[in-house]
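In my numbering, each residue carries its 1-based index in the sequence shown increased by 1.
Where is the CB? At the ideal position from N, CA and C, for every residue including glycine.
What follows is one structure encoded as C-alpha cells, with my remarks underneath.
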Amino acid sequence: MSFRSIILTATALAGIQGTAFAQTSGQTADAPTQTAPGSDQSDSSGDVVVTGIRSSLRNAINVKREANAVVDVITAEDVGKFPDRNVAESLSHIPGVSIDRRFGEGEKVAILGTDPALNRMLLDGHALASADWGGNDNDPSSRTFNYSLLAPELVDRLEVYKSPEPRIEEGSLGGTVIVRTRRPLDLAPNSVFASGGYSYNDRSEKGNVRASGLYSWHNQADNFGFLVAATYDRQSLTRAGVEFFGYERGDERFFQTQKNAKDETLRGADGRPLLIYDAGGQPLLKNTNATVTGGTRQDLANAYLPFGINYAYFQQTRERASVSGTIQYRPADNLTLTLNGLHIDGNYNNYSQSMYTIPGAWTGDVLQTANVSNGTVNSASFGAANSQSSQLDTLVRKTKLKTDNLNFFADWEGDDGAKVSFAGGWSRAVGGRNPEYLFNVQTRLPFSYAFGPKSATVNYVGDPTNPANYFTNPNNNAATIEGRPVIVNGQPLNAAQIGGLDYSVTTDRDIYGGYDATIPVEFGPFTQILLGSRVTDHVNRLDARGINTYMTTSMTADKLGVPTLVTPGGVFDGTGGSGNATQYLNLPDQAVIDILSKAINSPLVNKIGASTRVRETVMASYVQANFDQGGLRGNIGGRLVYTRDQSRYAVTQSNLTNPVPVPTTTTTDYLKFLPSVNLAYSISPQVIVRGAVARVISRPRYEDLAASLSLNNVTLDGGGGNPNLKPYESTNYELTAEWYPRAGSLVAVELFRRDISNYIINTRTNAVYFNTLAGALTTYNINQPINGGKAKVNGALISGQTEIWGGFGIQANYSYQDSSTSSVDTTGAALNLPYLSRHTVNVIPYFESGIFQARLSYNYRSSYFRTIGRLGSREMVAPYSQLDFSAGVNLSKEITLTFNAQNLLDETYYQYNATPDRPTAFYKNGRTYSAAVAVRF
C-alpha cells in the first residue's frame, strides 16, 4: 500500500472521528442540528430540511441503520442526480467494493474480495438478463451485469447486501447489489427532469453529447400514475498499450534439440526438451553466431522470454440509449399494481489493430543477441525471419447490445401489517460479435526488443509503416471449416487463409414468477414470518457462425487496392511503449471489410463446435422469521434451492486430422439448503453491533458449463468448459460495530470471513489438436475449469463520514482483505482470489453551501490477481489510483450546471505475470471531462 494512501486514509478517518466526537457534545443522535446556510431549506413548520449531497448521505445512513442485515447504501441526491456518471463508479465508494478499470470506466464490481462473476445484481429485487460486447476477456457468459449499460439517472438507490437474508434471491458469494428505481406514486405529480451535456476524452481527442429526461405524473386521488424516462450517452474511447502473451522457456526456441527417427524432439521426465551440448557442457544455439550476455547459454535455456509482444491500438464508440416506463394503479387502498419495462440499446462497435511478434516461435533460429536478467530474457535482437517475424491483426467488431425487461407486481397490505406480493417478469439480452471482420498481414523485418517492469521497446530494422514490407499468408493448404472441406465452384479449395468473419451472438433470457408473504405474529420476540417461492427459467445461448477468407496468391499490402494509414503519432505516449513499433501500418476499418469482400470467401456456416446452449431451471422457497425485543433485532431462516442445468455443446476430438465436432448434451442437478441468521443489537441509541452467519452458493459461469473447445492457432493455447461443475459454496461470517454520533455522521468497523469450498480452479494440460492454419496436428496448452479448490477470505473494513463545518464534509473508508486458496499456478505458487486487493482506500471530501457544491473522489487499490492468462501466466494488476472531481452550481431553483472530471491523474493500467519483472500489459485510457445542464421542477 502506498505511503500517500496510508497517510491520506488515516488522516481522514481520524478527522471524522474527532469531528463527530466534538460535535456530539451536548447533542444526541436524534437532536436537530444546524447545517450550513444556503444549502438547507425550511418547510412550513420551520424545521431545517437538508438537501443535496448531505441529504443523500443522511438517507443512506438511515437505511443502513434501520436494516437488520449488513448493508451499505447509496442514494440519489435528487431525481436524475446520482453521485457519478457510472453506477459501478458509485459502488466503488462503498467499503469492500472495488472495480477493474481495464477499459477506463468501471463495468463490473467485486465485493469483499470475490470475483464480479460471483456477485449478482438485482433490479428492483429480480435478476436481469445480461450480455456483453465480446471484447473483454473476463466477460464470457458471466452471471454479473455490465453496469456501464445502466444509466444512473434511472436509479433511486443502490443497496449492497453483504450478509444475505432468506428473502433475497441466492447466487452471490461476496454480496448482492439491489438497484431500486423510482415509482410514480412516490413522486410529486408532474415531476420533470431533463439534462443535456457534453463529454471529452483527451486520449481519443473526441467529444460527445449526453442527454436524459424523466416525467412522472399521478392523479389527485393518488391511485394512478405513470413515469417515463429516457437517456442517451455516447463515448469515444482510444486505448493504446503494450501486451505480452505470456512467457516461455528459451530452451526449445533458441537451442538445438535431440530428435528421434520421426524428427520429433525428445523430452525428459519433466517434459522439457533434451538439448544438444558442446564439449564444454553448454547447449548449442540454433544460430551458433548469436551472443549471450548476463549469463551462460544454459542460463538462457532456463530463462523465460515473452511468448509474444503486442503493440495494441484500440478504438471504440460506446453509444447507449435507454427507455424505461412504469405504470402504477391502486384499485383499493391496500392493493397496488405495478407494471414496468426497460429497454437498453448499446452500440459498442470497435476497431482493434495489433502489431505483434512471437520471438521464440517465429525468429528463435535467427537470434543475434540475448540478455538474461533475473531469469528473464529482458532484451534480444533477431535477424530477418525465414517465414515471418511479426504480424498485424486488424479486427473490426460490430457489436449491438440490446436488453429488454418487463415486470409485473401486485402488492397487497392488510390493516394488521400482513402483506402478500406476486411478481413475474421476463428479460432478454443480446450481444456479442455480429460480425467481427478479421484480416492479417505479416512481415519478415529484423527487430529487437527490450523491456522492464513498466516499459517496453521494440525497434524494427526497416520501416514498419511501409505497406510494401507486409504480405498476406503465403501458405496454401486444403481449406476446411470444422473438419469439412471448403467447396468453391464445385471444387475443394486449396488456398491460404487471410482472415474471415465471425458471427458469435450471445442470447440471455430469463423468466421468473413467484410470491412473497409477510405474516405478523406475536410469539415471544418474533414479530413477522416471511415466506415465499420463486421459479426461474434461464437460457444462455451462444450461436456461432462464420466465413473463412482465402487467397491463392500472396500479395504485399501496397497491392491490395485499398488506402493505408499509419498509427497516429503520440498514441502510445505515456504507456511505457517506445521504439518505432509505436507507428506501424494501419488500415481504415472499411478497407478491412473491402479486402475480405474481394477475396475468396467460404459459405456462411454454423459453427457447431463453437456454439453452446445452457438451460437452467431454479425452484426456490424460503422461510424467514423477524424478531425484535429488548434492543435485539434481526432475522433467522433458510432458503431451499433446487437447480437443474442442461448443457448442449459439441466435442472436438483430439489427435484427429480435420475432426468433425460431435453434438453432446449433459444434464446435472442439485438441491441446497441455505440457512442464515442476522443479529443487530443496540447497545445505546448511538451504537449498534451486528453479527451474521449464512450459507451461500454461487453458480458457475454459463460458458464454463458448456464444454465446447476454442483454439488459438497462433498462440497455440485454448480453453473449454466442464458441464459437470458444481456451484461454489461458502459459509459467510460478518461482525460490525456502528457508531451514529449525530445526524449525518457514522463511524463503522466491519470484520468478515468467506470460507469457500467447491471453488472452481483452472487446470492446464497439453493436448494435440488439428491446426487449421498450419494444416497439421499441433500441441496446444488447454485450460479447463474443475471443482476441488478451497479458499478463505478474511477482511477488516473501517469507514466513516461526517458533516464538518461551513458546508464541508468527508467520507472515507479503508479495506484490508486477504485470502488463501488451494489453487496454484504453473510454478506451484499459491494463487490469490481474482480481483482481491489487499488494500483499498476511498477518501471523498465535499463542500456544499448556498448555490455551489463540489466533491473530490480519491480511490486507491493495491495489486491484485486478475486471471490465468496465456501459457498459464498469473496475470496481476499493479496498484491503481483514481482521482475524480465533480462540481455543481444551482443557477436557480430549477436549473443546475454541473462539471465532472474523471481520471485526473491520467493513470496507466499495468499488468504483469507474477512478478513486475515480467509485464503483460500497459494501457492508457486518458482523462474524461464533461459538463451538463439539468432542469428539475
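Starting from the Cα of residue i, find the closest Cα among the options and give me that residue.
i       : options                            : result
Ser-466 : Ser-505, Leu-566, Thr-764          : The identity of residue 466 in the sequence shown is Thr, whereas the question assumes Ser. Closest by alpha carbon: Leu-566.
Leu-657 : Gly-776, Arg-235, Arg-398          : Gly-776
Phe-524 : Asn-843, Pro-332, Asp-629, Val-161 : Asp-629
Tyr-201 : Leu-238, Gly-126, Gly-801          : Leu-238
Leu-531 : Val-697, Thr-182, Gly-639          : Gly-639
Arg-183 : Lys-163, Ser-196, Leu-215          : Leu-215
Tyr-847 : Lys-260, Pro-835, Gly-889          : Gly-889
Val-536 : Phe-771, Arg-542, Tyr-513          : Tyr-513
Ala-621 : Arg-634, Gly-631, Leu-641          : Leu-641
Val-459 : Thr-583, Val-378, Ile-811, Pro-190 : Thr-583
Lys-403 : Asp-133, Leu-905, Ala-813          : Asp-133
Asn-541 : Thr-444, Ala-371, Leu-675, Pro-701 : Pro-701
Leu-605 : Thr-550, Tyr-881, Asn-723          : Thr-550
Leu-228 : Glu-170, Ser-192, Ala-241, Gln-236 : Ser-192
Pro-589 : Thr-292, Gln-354, Thr-258          : Gln-354
Ile-100 : Ala-651, Ser-149, Arg-66           : Ser-149
Gln-316 : Thr-897, Arg-240, Arg-434          : Arg-240
Ser-428 : Phe-448, Val-421, Asn-406          : Asn-406
Val-421 : Pro-454, Glu-249, Leu-336, Val-489 : Leu-336
Lys-163 : His-219, Glu-751, Thr-868          : Glu-751
Ala-430 : Gly-347, Glu-90, Val-98, Thr-668   : Gly-347
Val-510 : Asp-538, Gly-692, Gln-854          : Before going further, note that residue 510 is Arg rather than Val in the sequence given. When only C-alpha atoms are compared, the closest one is Asp-538.
Arg-645 : Leu-706, Leu-286, Trp-363          : Leu-706
Ser-709 : Tyr-859, Gly-580, Asp-544, Gly-631 : Asp-544
Glu-770 : Arg-634, Ile-761, Asn-782, Asn-759 : Here residue 770 is Tyr; the residue named in the question, Glu, does not match the sequence. Checked all of Arg-634, Ile-761, Asn-782, Asn-759; the closest Cα to Tyr-770 is Asn-782.
Just verifying my parser: in three-state terms, what is the DSSP assignment at residue i?
i       : result
Asp-595 : helix
Pro-360 : helix
Gly-547 : strand
Arg-298 : helix
Asn-224 : coil
Gly-365 : helix
Asn-1   : Here the chain comprises residues numbered 2 to 938, so residue 1 is not present and cannot be evaluated.
Ala-582 : helix
Lys-82  : strand
Gly-575 : coil
Val-71  : coil
Thr-921 : strand
Asn-60  : helix
Lys-401 : strand
Phe-452 : strand
Ala-831 : strand
Grab me the residues of residue i's own chain with a C-beta within less than 6 angstroms of its C-beta, minus the 5 sequence neighbours each way, in chain order.
i       : result
Gly-39  : With a pLDDT of 36 at Gly-39, under the threshold of 50, the predicted position of this residue should be treated as unreliable, though the coordinate-derived value follows. Excluding positions up to five away in sequence, the list reads Ser-850, Gly-851.
Asn-341 : Thr-327, Asn-408
Arg-649 : Arg-614, Thr-666
Val-794 : Gly-114, Arg-755, Ser-820
Tyr-516 : Phe-423, Gly-533
Thr-764 : Gln-785, Ile-787
Asn-477 : Asn-495, Ala-496, Ala-497
Val-678 : Ile-637, Val-694
Gly-178 : The sequence given here has Val at residue 178, not Gly. Within the same chain, Val-178 has close Cβ partners Met-122, Val-161.
Which residues does DSSP list as the beta-bridge partners of residue i?
i       : result
Gln-443 : Gln-392, Phe-472
Asn-379 : None; Asn-379 has no bridge partner.
Val-293 : Ala-371
Met-235 : According to the sequence displayed, residue 235 carries Arg and not Met. Answer is Glu-320.
Within the same chain, show all residues whose beta-carbon is closer than 7 angstroms to that of residue i, passing over the 5 residues directly before and after it, in chain order.
i       : result
Arg-871 : Phe-246, Gly-247, Phe-308, Thr-716, Asp-718
Gln-529 : Thr-519, Ile-520, Pro-521, Val-522, Asn-627
Asp-79  : Arg-937
Arg-839 : Tyr-817, Gln-818, Asp-819, Ser-863
Glu-483 : Lys-608, Ile-609, Gly-610, Val-661, Pro-662
Phe-146 : Met-122, Leu-129, Ser-131
For my contact list, residue i and residue j are in at a C-beta cut-off of 8 angstroms; report their separation, rounded to the angstrom.
i       : j       : result
Ser-243 : Arg-158 : The identity of residue 243 in the sequence shown is Val, whereas the question assumes Ser. About 42 angstroms; that fails the 8 angstroms criterion.
Tyr-671 : Lys-727 : 7 angstroms
Gly-432 : His-127 : The Cβ separation is near 20 angstroms, so there is no contact.
Gln-259 : Leu-267 : 4 angstroms
Asn-843 : His-94  : 5 angstroms
Would you say residue i lies against chain B (beta-carbon separation less than 7 angstroms)?
i       : result
Ala-333 : Although the question refers to chain B, the structure presented lacks it and comprises just one protein chain.
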